[in-house]
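Reviewing the structure listed below.
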């Protein structure tokens, strides 16, 4: 049984995962390489708690009790006795390989080791692991990890089914929605679907088919509206598979399916317009603070989560 989880990486994803586990009676040891970063963690967790309560979620424990299960450390050896360790560091293969090599040495034999990667090969990340070879897997959360329900799971060729089942039950108990990815491929499942949507969106924009504002509406008020409650296969079933076969026969030859550069994206990156974090991207955010923009985004997502859970009590 997983009672104590270690998280390596105290950035946005690491804190989000920590929040999800802490609010479900799991002890969390959060490891970061800079003390100055760790010093801000509790304030961020308190802000998350406030966000949830304002959205109508109820916690059975007070903040002090929830946060009392959190330990912060800059020393990776402090994770040695954890039941589960999740690596959430930048997508640097060498960095991740070094972390797993270290964990394989210091962690107790029962520890399950996991990476949150979605773009790097899990097999390559853990190739130096020997002692925990049957207790390795990928656990991929989505940002913001404390709100978005989906978690993708992927075994290595050595991972036992019992380990996968244990982790899946653990995440189900933490109110996450899990899927198993059966092949180790870049992007896994959800990000590959998202990348295809991005590719077609940029093509429509650059080919002057639609304005930025109307492109946003087409997705949020159309496809996205349905996707909030249905997957693509269900949407196809409701539309009729005969209809969808005809749609695919007509559209597949003409929709964007190649590999081409998108200046609308590359040019913005070149001049430093990276989106919300820099105050400009496809849209202008210069008159709004980043924190306020994120809070606004989170309120919308929490409303969706509340409607799914009606609301849940944590």
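Numbering (the numbering used here), first residue to last: 1 to 314. Ideal Cβ positions, reconstructed from N, Cα and C, are used throughout, including at glycine.
| Query | Result |
| --- | --- |
| CB-CB length for residue 89 against residue 99, believed under 8 Å | 7 Å |
| Three-state secondary structure assigned by DSSP to residue 180 | strand |
| Beta strand (DSSP E) segment containing residue 6, residue limits | 4 to 8 |
| Residue 96 burial status per 10 Å Cβ neighbour count (16 or more: buried) | buried |
| Residue 284 - partner residues in DSSP beta bridges | 280 |
| One or two residues paired with residue 161 in a DSSP bridge | According to DSSP, which records beta bridges pairwise, residue 161 is partnered with nothing at all. |
| Proximity of residue 148 and residue 136 at Cβ, strictly below 8 Å | no |
| contact_flag[the segment 195 to 210, the segment 103 to 120] where n(CB pairs < 8 Å) is 3 or more | no |
| Which residues DSSP lists as bridging residue 114, in chain order | 86, 137 |
| Whether residue 122 touches residue 113 by CB criterion (8 Å) | no |
| Assumed close pair residue 141, residue 16 - CB separation to whole angstroms, cut-off 8 Å | 7 Å |
| Three-way DSSP call (helix, strand, coil) for residue 224 in this model | helix |
| Alpha carbon of residue 292 to alpha carbon of residue 306, nearest angstrom | 21 Å |
| Cβ-based neighbour list, residue 301, same chain, cut-off 6 Å, excluding 5 preceding and 5 following | 147 |
| Cβ-Cβ distance between residue 66 and residue 23 below 8 Å | yes |
| Bridge partners - residue 28, DSSP secondary structure assignment | 5, 70 |
| Minimum C-alpha distance to residue 198 - residue among 257, 225, 177, 162 | 257 |
| Spatial neighbours of residue 138 in its chain, beta-carbon cut-off 6 Å, leaving aside the 5 residues before and after | 115, 122, 154 |
| Simplified DSSP state of residue 312, which is helix, strand or coil | A caution first: residue 312 carries a pLDDT of 48, below 50, which makes its placement in the model unreliable, though a value can still be read off. Correct three-state label for residue 312: coil. |
| Inter-residue spacing [alpha-carbon to alpha-carbon] between residue 158 and residue 133 | 6 Å |
| Cross-strand partners of residue 152 (DSSP beta bridge) | 140, 179 |
| Residue 43 versus residue 21: straight-line alpha-carbon distance, rounded | 17 Å |
| As assigned by DSSP and simplified to three states, the class of residue 275 | strand |
| Cα-Cα separation, residue 58 to residue 52 | 8 Å |
| For residue 2 and residue 84, believed in contact at Cβ under 8 Å, the rounded distance | 5 Å |
| Cut-off 8 Å between Cβ atoms - residues of its own chain near residue 218, not counting five sequence neighbours on either side | 210 |
| Residue 191 to residue 150 span [Cα, whole Å] | 12 Å |
| Whole-angstrom C-beta distance between residue 145 and residue 303, which should lie under 8 Å | No, residue 303 and residue 145 are not in contact; Cβ-Cβ is about 18 Å, not under 8 Å. |
| For residue 189 and residue 177, believed in contact at Cβ under 8 Å, the rounded distance | Rounded, the Cβ-Cβ distance is 13 Å, inconsistent with contact. |
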